[in-house]
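Here's the structure we're looking at; comments come further down.
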Amino acid sequence: MESLNTQKIAELKDLWRQVLTRLQPTISKNHFVTWFNKSCILDIDGSVCKIGFPSAYSVAWVKDHYDVKILQAVSEIKSEVKEVSYDVDGALNDQDDIRCVQVKELFADSEKKVRHLSASGEIAIGELRSKFLNPKYSLDAFVVAKDNTLPYSACMAIASAPGGIYNPLFVYGGVGLGKTHLLHATGLEVLKNYPDKVVVYVTSEQFVNDIVGAIRNQKMNHLKDKYRKADVLIVDDVQFFGKKEASQREFFHTINDLCENNKQVILSSDRPPTELDDLEDRLKSRFGMGMVVEILPPDFETRLAILQNRCAESGITVPNDALECIAHYIDKNVRDLVGAFNQFIGHVKFNNSVPTAELAMSIVQKFYAREMMIKNAYKPTAPNIYQGSSATSTEIVTAERILAVISEFYRITAEELTGESRRKEILVPRQVCMYLMREFLNYSYERIGADFGGRNHTTVMHACEKITGELKADYRMIRDLNSIKSSLGTCGASGVRS
Numbered sequence: 001m002e003s004l005n006t007q008k009i010a011e012l013k014d015l016w017r018q019v020l021t022r023l024q025p026t027i028s029k030n031h032f033v034t035w036f037n038k039s040c041i042l043d044i045d046g047s048v049c050k051i052g053f054p055s056a057y058s059v060a061w062v063k064d065h066y067d068v069k070i071l072q073a074v075s076e077i078k079s080e081v082k083e084v085s086y087d088v089d090g091a092l093n094d095q096d097d098i099r100c101v102q103v104k105e106l107f108a109d110s111e112k113k114v115r116h117l118s119a120s121g122e123i124a125i126g127e128l129r130s131k132f133l134n135p136k137y138s139l140d141a142f143v144v145a146k147d148n149t150l151p152y153s154a155c156m157a158i159a160s161a162p163g164g165i166y167n168p169l170f171v172y173g174g175v176g177l178g179k180t181h182l183l184h185a186t187g188l189e190v191l192k193n194y195p196d197k198v199v200v201y202v203t204s205e206q207f208v209n210d211i212v213g214a215i216r217n218q219k220m221n222h223l224k225d226k227y228r229k230a231d232v233l234i235v236d237d238v239q240f241f242g243k244k245e246a247s248q249r250e251f252f253h254t255i256n257d258l259c260e261n262n263k264q265v266i267l268s269s270d271r272p273p274t275e276l277d278d279l280e281d282r283l284k285s286r287f288g289m290g291m292v293v294e295i296l297p298p299d300f301e302t303r304l305a306i307l308q309n310r311c312a313e314s315g316i317t318v319p320n321d322a323l324e325c326i327a328h329y330i331d332k333n334v335r336d337l338v339g340a341f342n343q344f345i346g347h348v349k350f351n352n353s354v355p356t357a358e359l360a361m362s363i364v365q366k367f368y369a370r371e372m373m374i375k376n377a378y379k380p381t382a383p384n385i386y387q388g389s390s391a392t393s394t395e396i397v398t399a400e401r402i403l404a405v406i407s408e409f410y411r412i413t414a415e416e417l418t419g420e421s422r423r424k425e426i427l428v429p430r431q432v433c434m435y436l437m438r439e440f441l442n443y444s445y446e447r448i449g450a451d452f453g454g455r456n457h458t459t460v461m462h463a464c465e466k467i468t469g470e471l472k473a474d475y476r477m478i479r480d481l482n483s484i485k486s487s488l489g490t491c492g493a494s495g496v497r498s
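Okay, here's the thing in structure tokens:
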């Protein structure tokens, strides 16, 4: 950055603003703000335009998703540019980096389209009242994991042509993975594409309550007419129809009638149709006649992207290492992930705290403690997330085995570990090795030093203290130690200090 004078920085910034202005209409606002908020043109070297992003993950995502668009936009403005390259520049994480364009300003003149909700959160469609589709659950806001492209693509296809080949669409998956989000998003997208269509979203509980009310008031024919007026019927959590015979019977006839008239039906459940044991066979069979897709738990990259989207929405700048810490540990489902993130952001806002990795780690610890209490497995001390997983291996841990596992993990030789090199790529694994020998084998500092080429006890003590310190805040070290301990197992016999 120092090598560029103020005029050059201003020129590159203006060029990047022009490029972003061209890109902005082609990318959803959430994604645009998330991925381009801390970016800039680093330099133009001949025919190559070098673009900077704050992290390797940002570079990988942008390159995979927007490379062609970026090159086209740059070359339209500067015809001599024939290639775009991407570099990581950690300084771009600084909120006041003068090279960055404030991308939110590009939306300042955009006309905001607001859908006004009724106070009850419901809308009337003729005589039918439906739970309103939540505008925040848009398809743009749904982060697509590489393992979840099928359910997303199926919903996109339905939004383009409801009542077509995927009818009914049955989406299943565990709690908090985004099923409800995807259902709302599909309904909203249908309304965007077909404003005159009647889209009805209900939970199975609401449907059952309507059935009970209709039976009690002797208005079953009235209820049938109401639900069968829908062009798209979306029913969430159909597993709760179990053992409700009258509701199952009416629901079967409703979706049968809709599908036969090319009206779209979208359903969700926590398990596939074949495992809905309390439902009638004909209903399970009808569920499976269209398309059945599973939503899987998000991988690390997807969890991180979700958090980055949330940051863009909240308007708070959070360092990547803090987000990575939350994304690494809160890995079961999106609901827990967002919950932990909201706790983190709440702490930052209301306590006027700095959003650091250390704060993120404290939130993670509290989250795990709460989860343990909920499961009635809470112990007097909070779960130690710094330790490796409990042993599943019966192999005894020895000094030789620790050396072998560390060598394999860091891809260096045992000779390099015990040798004289002080290169960082050797020094850190060596310190980890010393730490593990101390922890697993209870070796004295002198004994460990002897195994590492006769190093004195002060050197070994410093190494162990350094790793212990990093385990209090450095999520990467915690992650690596967990992986190494998982490979070792934690059932090694305690050594005797010698």
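Take the sequence shown: its position 272, counting from 1, is numbered 272 in my numbering, and each next residue is one higher. Note that the Cβ used here is the ideal one computed from N, Cα and C, for glycine as well.
Pick from the options: whose alpha carbon is nearest that of residue i?
| i | options | result |
| --- | --- | --- |
| ILE266 | GLU324, THR356, TYR172 and GLN218 | TYR172 |
| MET405 | ILE306, LEU488, HIS184 and ASP236 | With the sequence shown as reference, residue 405 is identified as Val, and Met is not the correct amino acid for it. Minimum Cα distance to VAL405 is reached at LEU488. |
| GLY187 | VAL202, GLY176 and TYR86 | VAL202 |
| GLY315 | ASN342, GLU294 and LYS332 | ASN342 |
| GLY176 | GLY339, GLY90 and GLY242 | GLY339 |
| ALA286 | LEU169, ASN148, HIS328 and LEU150 | The identity of residue 286 in the sequence shown is Arg, whereas the question assumes Ala. ARG286 has its Cα closest to that of LEU169, out of LEU169, ASN148, HIS328 and LEU150. |
| MET437 | LEU133, LYS485 and LYS472 | LYS485 |
| PHE252 | ASP231, LYS284, SER268 and ASP225 | LYS284 |
| TYR86 | GLU105, ILE77, CYS100 and ILE41 | ILE41 |
| LEU12 | ASP94, ARG99 and ILE27 | ARG99 |
| TYR152 | ILE44, LYS229 and ILE295 | ILE295 |
| GLU470 | LYS332, LEU403, VAL428 and ASP64 | VAL428 |
| VAL143 | THR458, ILE306 and LYS349 | ILE306 |
| ARG310 | ASP225, LEU15 and LYS29 | LYS29 |
Grab me the residues of residue i's own chain with a C-beta within less than 6 Å of its C-beta, minus the 5 sequence neighbours each way, in chain order.
| i | result |
| --- | --- |
| MET220 | ALA214 |
| SER39 | PHE53 |
| PHE452 | THR418 |
| VAL62 | TRP35 |
| GLN18 | ILE77 |
Who are the Cβ neighbours of residue i in its own chain at under 8 Å, not counting the five residues just before and after it?
| i | result |
| --- | --- |
| SER47 | GLU80, VAL81, LYS82 and GLU83 |
| LEU23 | PHE32, PHE36, TYR66, LYS69, ILE70 and ALA73 |
| VAL208 | PHE240, PHE241, LYS244 and SER247 |
| ASP480 | PHE409 and VAL432 |
Within 10 angstroms of the Cβ of residue i, are there 16 or more other Cβ atoms? Answer buried if so, exposed if not.
| i | result |
| --- | --- |
| THR6 | exposed |
| THR254 | buried |
| ILE165 | exposed |
| THR302 | buried |
| ALA154 | buried |
| ARG216 | exposed |
| LYS179 | buried |
| ALA377 | For ALA377, the predicted structure reports a pLDDT of 34, less than 50, and the residue's modelled location is therefore unreliable. A value from the coordinates is still provided. The residue in question, ALA377, is exposed, as its Cβ has fewer than 16 Cβ neighbours within 10 Å. |
| HIS181 | buried |
| ALA10 | exposed |
Assign residue i to one of three DSSP states: helix, strand, or coil.
| i | result |
| --- | --- |
| ASP89 | coil |
| CYS100 | coil |
| GLY164 | coil |
| LYS13 | helix |
| GLN218 | coil |
| LYS229 | coil |
| LYS82 | coil |
| MET289 | coil |
| PHE170 | strand |
| ASP43 | strand |
| ILE330 | coil |
| VAL526 | This structure cannot speak to residue 526, because the chain is shown only from 1 to 498. |
| SER521 | A query on residue 521 cannot be resolved here, the shown segment of the chain reaching from 1 to 498 and no further. |
| SER153 | helix |
| VAL198 | coil |
| ASP109 | Because ASP109 sits at a pLDDT of 49, beneath the cut-off of 50, its placement in the model cannot be relied upon, and the point is left open. |
Cutting at 7 Å between CB atoms, please list the residues of its own chain near residue i, excluding the five before and the five after it.
| i | result |
| --- | --- |
| SER160 | ASN193 |
| SER407 | THR413, ALA414 and LEU417 |
| GLU205 | PHE240 |
| ASP97 | ALA91 |
| GLU250 | ILE211 |
| VAL190 | ALA159, PRO162, LYS197, VAL199 and VAL232 |
| ALA56 | VAL88 |
| ARG282 | PHE252 |
Would the beta-carbon of residue i fall within 8 Å of that of residue j?
| i | j | result |
| --- | --- | --- |
| PHE53 | VAL103 | no |
| ILE554 | VAL432 | In the structure displayed, the chain extends from 1 to 498; residue 554 sits before or after that span and is not available. |
| VAL292 | PRO319 | no |
| TYR475 | CYS325 | yes |
| PRO298 | ALA322 | no |
| HIS184 | LEU133 | yes |
| GLY290 | ASN167 | yes |
| HIS328 | PHE300 | yes |
| ALA463 | TYR443 | no |
Is residue i near the ligand ZN, with its Cβ less than 7 Å from a heavy atom?
| i | result |
| --- | --- |
| SER85 | Among the components modelled here there is no ligand, and therefore nothing to report on the ligand ZN. |
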